[in-house]
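A.B. asks:
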Amino acid sequence: MDMGKGGGDIKLCLTLYSFSWEYASRKLSLEEILRKAKEMGYSGIELVASQMVPGYPYPTEEWMGYFSGLLEKYGLEPICYSAYIDMGIHSDRDLCEEEIFNFTLNDMICAKRMGFALVRTQHAISPAIYKKMLPYCKKLGMILAIEMHHPHNPEVPVWKELLSIMGESDGYLGVVPDFSIFAEKPHAFHITQAIEDFGGRPEKVAEIARRHQDGADEDTLLAGDYNDGEKTFIKDVFHTYGNGKANLGWMRELLPVTVYIHGKFWYMGDDEVDHTTPCDKLIPIIKESGYKGYIASEYEGHHFNPDTDTQEQLGRWVRMTNRLLGV
Amino acid sequence: MAAFQSYNKLLLGGGGNIANIKAGDAVIGYEFGVYYPSYRGTFLSCIESFAVYVDGGRVPDGDIIFKLNGKECLLSQLPELYLEYWFILDEARIFVLKDGGLQGGGHDVRVEMRHRIPYTGYFGSYMVLDSADERVLAAG
Chain E
1 MDMGKGGGDI KLCLTLYSFS WEYASRKLSL EEILRKAKEM GYSGIELVAS
51 QMVPGYPYPT EEWMGYFSGL LEKYGLEPIC YSAYIDMGIH SDRDLCEEEI
101 FNFTLNDMIC AKRMGFALVR TQHAISPAIY KKMLPYCKKL GMILAIEMHH
151 PHNPEVPVWK ELLSIMGESD GYLGVVPDFS IFAEKPHAFH ITQAIEDFGG
201 RPEKVAEIAR RHQDGADEDT LLAGDYNDGE KTFIKDVFHT YGNGKANLGW
251 MRELLPVTVY IHGKFWYMGD DEVDHTTPCD KLIPIIKESG YKGYIASEYE
301 GHHFNPDTDT QEQLGRWVRM TNRLLGV
Chain P
1 MAAFQSYNKL LLGGGGNIAN IKAGDAVIGY EFGVYYPSYR GTFLSCIESF
51 AVYVDGGRVP DGDIIFKLNG KECLLSQLPE LYLEYWFILD EARIFVLKDG
101 GLQGGGHDVR VEMRHRIPYT GYFGSYMVLD SADERVLAAG
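As you go down the protein sequences, you meet chains E and P in turn. Mapping the first sequence onto this note's numbering, position 111 (from 1) lands on 111, and the numbers just tick up by one. Mapping the second sequence onto this note's numbering, position 137 (from 1) lands on 137, and the numbers just tick up by one.
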């Protein structure tokens with residue numbers, strides 16, 4: 001099975017972030033993760049620079065050369081360099097415009113030197129600075145994309161402006177929709193957390209999840225006969241999954257300026273169906289749009305349960321996605 | 001936001017022990033290693049508080065030196081260190097000034113850290129996490 005094959009113009013790649021726990025707990029090195037990516041059949045990878053680049057945000061030429069050598073060794077392509085806008089690093093103020101510009105340009109230069117043609121950044125770059133980056137994108141021959149991640153969505157005012165800027169950039173600027181914005185209902189780890197960490201009673205946690213899906217509003221649920229842990233879970237559910245109905249129109253709205261997609265997921269059971277995010281509807285919409293590019297497998301269950309077999313989770317997600325792509 | 005809490009066990013999870021530290025023949029204190037408990041690194045200025053408890057007692061902040069990237073600072077200096085990056089594979093060493101160090105054998109060490117996640121200001125406020133880890137470490 002070629003896990004990285006995808007369907008036609010749509011290819012799958014792996015964000016190394018999926019192996020965050022193995023890396024941070026020093027169970028797998030960068031090279032071992034890249035080797036795994038190759039063994040799984042992926043042909044391209046995404047790197048979260050603040051996670052896996054020693055010396056970040058100013059890696060040495062030597063390290064960047066080492067990284068490129070590893071990709072060559074394992075036959076992997078550098079697809080996406082993920083950058084952050086760390087607005088809150090000062091204790092008394094947010095980053096100013098000059099600092100955001102400088103951080104972003106530095107990330108683009110590092111990414112270029114490491115062979116990436118796409119940098120993912122975050123909305124906090126602001127419309128004004130985003131526009132200022134366009135000439136540098138053209139000069140470096142790179143795409144600078146902004147990830148749209150929960151709790152944001154196309155209806156958040158700043159995004160109206162950002163999407164408009166992207167639409168007038170000749171393809172140098174674009175959006176990275178993250179599937180978190182389409183998440184509808186709690187995944188298995190979230191349910192387990194509500195019971196084991198928050199102290200929710202299993203039958204009440206299941207009832208809350210069911211009532212949320214049935215359309216009950218947050219205030220009604222909070223007024224119900226639930227203990228404190230269950231009420232924490234109720235707030236979490238509404239914060240994370242909104243009203244429980246993904247707005248698939250958002251995907252259609254974003255696709256014209258989409259340059260890369262984060263296939264975010266938290267848990268896949270052995271039925272190989274994502275019960276949190278309606279991938280069975282999203283993937284066909286993406287395919288039918290004529291989107292040409294990558295969807296990254298992005299496993300995030302490690303934030304809830306670090307002991308799950310990441311490779312197995314990725315395998316299930318890729319098989320589901322390939323099935324939905326008709327591969 | 002408990003979703004980020006599974007990384008807390010990295011704080012003291014490096015497998016290291018307590019080393020008594022000498023200056024000449026005098027044992028002036030002890031130190032142990034900590035790792036940043038997250039999926040990515042951070043700037044030291046994002047650490048809003050850092051507390052160490054040994055055998056149930058709070059170690060006075062002024063007795064602690066935080067060592068990283070070949071540099072040393074007081075806990076009170078951390079908020080200023082916005083250019084100092086704590087890479088997740090790099091161990092910070094926590095030096096505690098204590099005449100004679102710690103006796104050999106196991107000691108209960110607890111670290112509590114409050115840290116700001118600097119990219120989370122989606123609607124104006126940053127996520128601030130309280131991370132803690134407690135383990136019995138052997139002093140040699």
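Even for Gly, the Cβ is constructed at its ideal location relative to N, Cα and C. Note that the structure is a prediction, hence the values are computed from the model and not measured.
1. Cα separation between residue 116 of chain E and residue 171 of chain E?
2. How many Å lie between residue 179 of chain E and residue 277 of chain E at the Cα?
3. For residue 266 of chain E, which three-state DSSP category applies?
4. So who's on the other strand from residue 65 of chain E, going by DSSP bridges?
5. Exposed or buried, what is residue 331 of chain E when buried is set at 16 or more other beta-carbons lying within 10 Å of its beta-carbon?
6. Taking C-beta pairs closer than 7 Å, name the residues in chain E that residue 87 of chain P reaches, listed in chain order.
7. Check each residue of the segment 294 to 317 of chain E: if its Cβ is closer than 8 Å to any Cβ of chain P, include it; give the result in chain order.
8. Assuming residue 328 of chain E contacts residue 304 of chain E (C-beta within less than 8 Å), just tell me the rounded distance between them.
9. By Cβ distance below 8 Å, which residues in the same chain neighbour residue 314 of chain E in space, the five residues on each side in sequence not counted?
10. Any C-beta of chain E sitting closer than 7 Å to the C-beta of residue 104 of chain P?
11. Less than 8 Å between the CB atoms is what I'm expecting for residue 85 of chain E and residue 100 of chain E, so what's the real figure, rounded?
12. Please compile the residues from chain E whose C-beta is within a distance smaller than 8 Å of the C-beta of residue 45 of chain P.
13. Does DSSP put residue 132 of chain P in a helix, a strand or coil?
14. Tell me the residue span of the beta strand (DSSP E) that contains residue 279 of chain E.
15. For residue 104 of chain E, tell me which candidate among E:82, E:223 and E:94 has the shortest Cα-Cα distance.
16. Please decide whether residue 50 of chain E counts as near chain P, where near means a Cβ-Cβ distance under 7 Å.
17. For residue 295 of chain E, which of helix, strand or coil comes out of DSSP?
18. Closest Cβ-Cβ distance between residue 41 of chain P and chain E: below 7 Å?
19. Between residue 53 of chain P and chain E, is any beta-carbon pair separated by less than 7 Å?
20. Taking the DSSP output, what are the residues bridged to residue 82 of chain E?
21. Tell me which residues of the segment 109 to 138 of chain P have at least one Cβ-Cβ distance to chain E shorter than 8 Å, keeping chain order.
22. Where residue 11 of chain P and residue 288 of chain E are concerned, what is the direct C-alpha to C-alpha distance, given to the nearest angstrom?
23. What does residue 51 of chain P pair with, by DSSP beta-bridge criteria?
24. Identify every run of the beta strand (DSSP E) within the segment 141 to 184 of chain E, keeping only runs that are complete inside it and at least 3 residues long; order them along the chain.
25. Does chain E have any CB closer than 7 Å to the CB of residue 60 of chain P?
26. When the Cα of residue 189 of chain P is compared with those of P:105, P:37 and P:76, which residue comes out closest?
27. Would the segment 65 to 77 of chain E count as touching the segment 57 to 68 of chain P if we require 3 or more Cβ pairs under 8 Å?
28. For residue 8 of chain P, count neighbouring C-beta atoms within 10 Å of its own C-beta (all shown protein chains included) and say buried if the count is 16 or more, exposed if not.
29. Check whether the Cβ atoms of residue 80 of chain E and residue 260 of chain E sit closer than 7 Å, and answer yes or no.
30. Using the beta-carbon of each residue, which ones in chain P are nearer than 7 Å to residue 85 of chain E?
31. DSSP has residue 117 of chain P in a bridge; who is on the other side?
32. Would you grab the beta carbon distance between residue 362 of chain E and residue 153 of chain E for me? Rounded to a whole angstrom, and I think it's under 8 Å.
33. Can you check whether the C-beta of residue 20 of chain E is within less than 7 Å of a C-beta belonging to chain P?
34. My guess is that residue 114 of chain P and residue 50 of chain E are in contact by the Cβ rule of under 8 Å, so how many angstroms apart are they, rounded?
35. Heavy atom of the ligand MG less than 6 Å from the Cβ of residue 277 of chain E, yes or no?
36. For residue 2 of chain P, which of helix, strand or coil comes out of DSSP?
C.D. replies: Reading off the structure:
1. Against the first sequence, residue 116 of chain E aligns to sequence position 116. Against the first sequence, residue 171 of chain E aligns to sequence position 171. Answer to the nearest angstrom: the Cα atoms are 16 Å apart.
2. Looking up residue 179 of chain E in the first sequence gives position 179. Looking up residue 277 of chain E in the first sequence gives position 277. Spanning the two alpha carbons is a distance of roughly 7 Å.
3. Here residue 266 of chain E is taken as the residue at index 266 of the first sequence, counted from 1. Residue 266 of chain E falls in the coil class under three-state DSSP.
4. The sequence position of residue 65 of chain E within the first sequence is 65, counting from 1. None, per the DSSP bridge assignment.
5. Since the first residue shown for chain E is 1 and the last is 327, residue 331 of chain E is missing from the structure and cannot be characterised.
6. Along the second sequence, one-based indexing puts residue 87 of chain P at 87. In chain order: 54 and 56.
7. Those residues of the segment 294 to 317 of chain E that come within reach of chain P (Cβ to Cβ, closer than 8 Å) are 302, 303, 304, 305 and 306.
8. A question about residue 328 of chain E goes unanswered here, because the residues of chain E that appear run from 1 up to 327.
9. Taking the first residue of the first sequence as position 1, residue 314 of chain E is located at position 314. The residues are 3, 14, 18, 40, 297 and 299.
10. In the second sequence, residue 104 of chain P corresponds to position 104, counting from 1. No, residue 104 of chain P lies away from the interface with chain E (no Cβ there is under 7 Å from its Cβ).
11. Looking up residue 85 of chain E in the first sequence gives position 85. Looking up residue 100 of chain E in the first sequence gives position 100. With a Cβ gap of about 6 Å, residue 85 of chain E and residue 100 of chain E count as contacting.
12. One-based indexing of the second sequence puts residue 45 of chain P at position 45. Contact of residue 45 of chain P with chain E by beta-carbon distance below 8 Å involves 89, 90 and 91.
13. Position 132 of the second sequence, counting from 1, holds the residue named residue 132 of chain P. Reduced to three states, the DSSP call for residue 132 of chain P is strand.
14. The residue given as residue 279 of chain E occupies position 279 in the first sequence. Per DSSP, residue 279 of chain E lies in no beta strand (DSSP E); the unbroken alpha helix (DSSP H) holding it starts and ends at 279 to 288.
15. Residue numbering aside, residue 104 of chain E sits at position 104 when the first sequence is read from its first letter. Answer by Cα proximity: E:82.
16. Working through the first sequence from its first residue, we reach residue 50 of chain E at position 50. By this cut-off, residue 50 of chain E is an interface position.
17. If you number the first sequence from 1, residue 295 of chain E lands on position 295. DSSP places residue 295 of chain E in strand when its eight states are reduced to three.
18. The residue given as residue 41 of chain P occupies position 41 in the second sequence. The beta carbon of residue 41 of chain P falls within 7 Å of a beta carbon belonging to chain E, placing the residue at that interface.
19. Within the second sequence, residue 53 of chain P is the residue found at index 53, counting from 1. Not a single C-beta of chain E is nearer than 7 Å to the C-beta of residue 53 of chain P.
20. By 1-based counting over the first sequence, the position of residue 82 of chain E is 82. Partner(s): E:48 and E:120.
21. Of all residues in the segment 109 to 138 of chain P, 116, 117, 118, 119, 120, 121, 122, 123 and 126 have a Cβ within less than 8 Å of some Cβ in chain E.
22. One-based indexing of the second sequence puts residue 11 of chain P at position 11. One-based indexing of the first sequence puts residue 288 of chain E at position 288. Per the coordinates, the alpha-carbon of residue 11 of chain P lies some 46 Å from the alpha-carbon of residue 288 of chain E.
23. The residue you call residue 51 of chain P lines up with position 51 of the second sequence. Answer is P:112, bridged to residue 51 of chain P.
24. If one requires a minimum length of 3 residues, the beta strand (DSSP E) runs lying completely within the segment 141 to 184 of chain E are 143 to 148 and 173 to 177, in chain order.
25. One-based indexing of the second sequence puts residue 60 of chain P at position 60. For residue 60 of chain P, the answer is no, since every Cβ of chain E falls outside 7 Å of its Cβ.
26. Look at the range of chain P in this structure, 1 to 140, and you will see that residue 189 of chain P is not part of it.
27. Fewer than three beta-carbon pairs drawn from the segment 65 to 77 of chain E and the segment 57 to 68 of chain P are found closer than 8 Å, and the two stretches are therefore not classed as touching.
28. Position 8 of the second sequence, counted from the first residue, corresponds to residue 8 of chain P. If you draw a 10 Å sphere on the C-beta of residue 8 of chain P, you find 16 or more other C-beta atoms in it, and that means buried.
29. As a working note, residue 80 of chain E is residue 80 in the first sequence. As a working note, residue 260 of chain E is residue 260 in the first sequence. Against a cut-off of 7 Å, the Cβ pair of residue 260 of chain E and residue 80 of chain E comes out as a contact.
30. Position 85 of the first sequence, counting from 1, holds the residue named residue 85 of chain E. Chain-ordered, the chain P residues with CB closer than 7 Å to the CB of residue 85 of chain E read 119.
31. Along the second sequence, read from residue 1 onward, the residue named residue 117 of chain P stands at position 117. Residue 117 of chain P is bridged to P:127.
32. In this structure chain E extends from 1 to 327, so residue 362 of chain E is not present and cannot be described.
33. Mapped onto the first sequence, residue 20 of chain E falls at position 20. The beta carbon of residue 20 of chain E sits closer than 7 Å to some beta carbon of chain P.
34. On the second sequence, residue 114 of chain P is found 114 positions in, with the first residue counted as 1. On the first sequence, residue 50 of chain E is found 50 positions in, with the first residue counted as 1. Not quite, the Cβ-Cβ distance comes to about 20 Å (not below 8 Å), so this is no contact.
35. Within the structure as shown, the ligand MG is missing, as the structure has no ligands at all.
36. The sequence position of residue 2 of chain P within the second sequence is 2, counting from 1. Because residue 2 of chain P carries a pLDDT of 49, less than 50, the predicted location of this residue cannot be relied on, and no value is offered for it.
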